[in-house]
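Remarks on the structure that follows.
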Amino acid sequence: MIEPRKGTGQPTIADVAELAGVSRAIASRALSSEPRPVSADKRERVLKAAQTLGYKPNLLARSLTTKTVNLVAVVVNHIHDLSDLDLFDLLISEIQSIGKQVIFVRVGSSQGIEEFLRNGIAYHVDAALVFSDFADAATVRKMFRNDSVLMLNGMRDAAAPAIIPDELTGITAAVADAAGKGVRTALLVTGRAASAVEQARVAHYRSELQRNEIALAGELRGDYSYQSGRRLAVSPDWKEVDAVFCTSDAMAMGVLDVHRDGVLQTRPKAFRLYGFDDVTLAEYEAYPISSIGYDKSIYIKEILRFLTHPKEFRSGGTLVRVPTYFVARDSS
1 MIEPRKGTGQ
11 PTIADVAELA
21 GVSRAIASRA
31 LSSEPRPVSA
41 DKRERVLKAA
51 QTLGYKPNLL
61 ARSLTTKTVN
71 LVAVVVNHIH
81 DLSDLDLFDL
91 LISEIQSIGK
101 QVIFVRVGSS
111 QGIEEFLRNG
121 IAYHVDAALV
131 FSDFADAATV
141 RKMFRNDSVL
151 MLNGMRDAAA
161 PAIIPDELTG
171 ITAAVADAAG
181 KGVRTALLVT
191 GRAASAVEQA
201 RVAHYRSELQ
211 RNEIALAGEL
221 RGDYSYQSGR
231 RLAVSPDWKE
241 VDAVFCTSDA
251 MAMGVLDVHR
261 DGVLQTRPKA
271 FRLYGFDDVT
281 LAEYEAYPIS
291 SIGYDKSIYI
301 KEILRFLTHP
311 KEFRSGGTLV
321 RVPTYFVARD
331 SS
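Sequential numbering from 1 applies to the sequence shown in full-length UniProt numbering.
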């Protein structure tokens with residue numbers, strides 16, 4: 001490792017090793033964020049010595065030695081959806097727990113991706129996690145000049161591994177719940193049509209509604225936001241139906257605030273309302289929306305497996321599916 005120049009007064013790895021009574025190699029292994037062999041006694045001595053001296057590792061030097069920078073890029077459209085906030089807080093915490101840090105790259109639109117490439121911007125990262133549905137795998141590999149790219153938006157290719165929720169399971173349960181309660185007509189409030197994940201989600205709803213003999217009276221397109229749900233709920237295209245299925249909880253919340261008196265009763269009077277994402281806010285009395293979710297701890301565990309054991313994901317574009325579930329609440 002490259003040590004600071006003498007005279008700076010900063011403790012070095014050699015100082016830590018000397019105080020702990022171990023070799024520099026053992027001190028380095030004990031302080032590494034990676035699982036490296038060292039006895040518990042020596043690790044404890046090294047950690048105590050580092051704390052006593054106020055030693056901070058030289059991350060630049062470590063990156064030159066390990067060929068890693070301990071940075072992970074998270075590529076997103078934006079960060080304002082309720083489901084984004086629920087997920088990313090947990091994800092950042094878990095990535096930091098393995099000694100890496102996150103940089104967010106907000107692309108906003110397909111033009112944002114093109115601008116990124118046009119300006120030749122490149123970050124040196126160990127891996128890229130792609131949530132944005134404006135970014136395909138080949139483009140992200142080019143963006144970061146790195147093949148370690150994990151697709152979380154349904155836009156994978158033969159070389160890109162992917163992790164996606166298995167949404168059919170939760171959708172099947174939600175539609176069956178509605179059918180069991182006598183629902184015979186429904187509206188579908190959807191998100192961005194260009195999204196591969198949304199396309200699959202809408203197709204699942206259509207097939208399950210048909211299979212349960214529920215007539216689809218119409219599809220209204222929003223953008224996953226609360227504002228779009230509220231706007232659609234008062235639009236001339238709104239129809240009287242037995243149930244409304246929204247492909248995001250945020251849109252369902254907008255719908256609920258327009259039709260609150262007709263939905264939040266012992267038995268909904270106007271229609272039954274179903275959301276998607278199972279955001280934390282749906283657990284509280286203000287927005288008790290029946291919803292479809294997935295176990296975020298399992299989802300994040302698979303992402304961490306990609307970051308720590310990437311070779312397990314390099315067999316021809318591995319696809320990992322995380323199961324979804326349905327939660328019935330007052331709105332249905």
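Glycine is no exception: its CB is placed at the ideal position from the N, C-alpha and C atoms.
For residue 88, the three-state DSSP class (helix, strand or coil)
helix
Can the beta-carbon of residue 69 be found closer than 9 Å to that of residue 126?
yes
Specify the secondary structure class of residue 215 as computed by DSSP and reduced to three states.
strand
Every unbroken alpha helix (DSSP H) within the region 129-160, with a cutoff of 4 residues, ordered by chain:
137-144
Test item: CB-CB of residue 242 and residue 271 under 9 Å
yes
Kindly indicate which residue of 206, 173, 113 and 281 has the alpha-carbon position closest to the one of residue 217.
206
Given this structure, state the Cα-to-Cα distance separating residue 129 from residue 280, to the nearest angstrom.
23 Å
Label residue 284 either buried or exposed according to how many other C-beta atoms from any shown protein chain fall within 10 Å of its C-beta, with 16 as the threshold for buried.
exposed
Pick out whichever of 236, 22, 248 and 273 has its Cα sitting closest to the Cα of residue 179.
273
Alpha carbon to alpha carbon, how far is residue 95 from residue 289?
30 Å
Are residue 92 and residue 302 touching if we call contact CB-CB under 9 Å?
no
Identity of the residue in 298, 308 and 224 nearest residue 79 by Cα
224
I'd like the span of the beta strand (DSSP E) that includes residue 322, first residue to last.
319-327
Can you check which of these residues, 175, 135, 82 and 87, is closest to residue 106 by C-alpha distance?
135
Does the region 173-193 come into contact with the region 139-159, if we say contact requires no fewer than three beta-carbon pairs (one atom in each stretch) closer than 8 Å?
no
Distance between residue 49 and residue 20 (C-alpha atoms, nearest Å)
6 Å
How big is the Cα-Cα spacing for residue 214 and residue 73?
43 Å
Take the Cβ of residue 66 as the centre, count every other Cβ of all protein chains shown within 10 Å, and call the residue buried at 16 or more, exposed below.
Summary for residue 66: the model assigns pLDDT 48, below 50, so the residue's position carries little reliability, and this model does not support an answer.
Answer with buried or exposed for residue 201, where buried requires no fewer than 16 other C-beta atoms within 10 angstroms of its C-beta.
buried
So, at 6 Å on beta carbons, what are the nonlocal neighbours of residue 322 in its own chain, with the 5 sequence-adjacent residues on each side left out?
165, 294, 298 and 299
What does the alpha-carbon distance come out to for the pair residue 195 and residue 76?
13 Å
Helix, strand or coil: which one does DSSP assign to residue 310?
helix
As a quick exercise: from 328, 252 and 331, pick the residue whose alpha carbon is nearest that of residue 191.
252
What's the gap between the Cα of residue 4 and the Cα of residue 15?
Residue placement at residue 4 is flagged as unreliable, the pLDDT there being 42, under the threshold of 50; a coordinate-derived value is accordingly withheld.
Where residue 185 and residue 149 are concerned, what is the direct C-alpha to C-alpha distance, given to the nearest angstrom?
42 Å
Tell me the rounded alpha-carbon separation between residue 325 and residue 56.
44 Å
Per DSSP, what are the beta-bridge partners of residue 163 in this structure?
320
So what does DSSP say about residue 226, is it helix, strand or coil?
helix
Counting only the same chain and skipping the five closest in sequence on each side, list residues whose C-beta sits under 7 Å from that of residue 60.
Note that residue 60 scores 46 on pLDDT, short of 50, meaning its location in the model is unreliable; the coordinates nonetheless yield the value given after this. There are no such residues.
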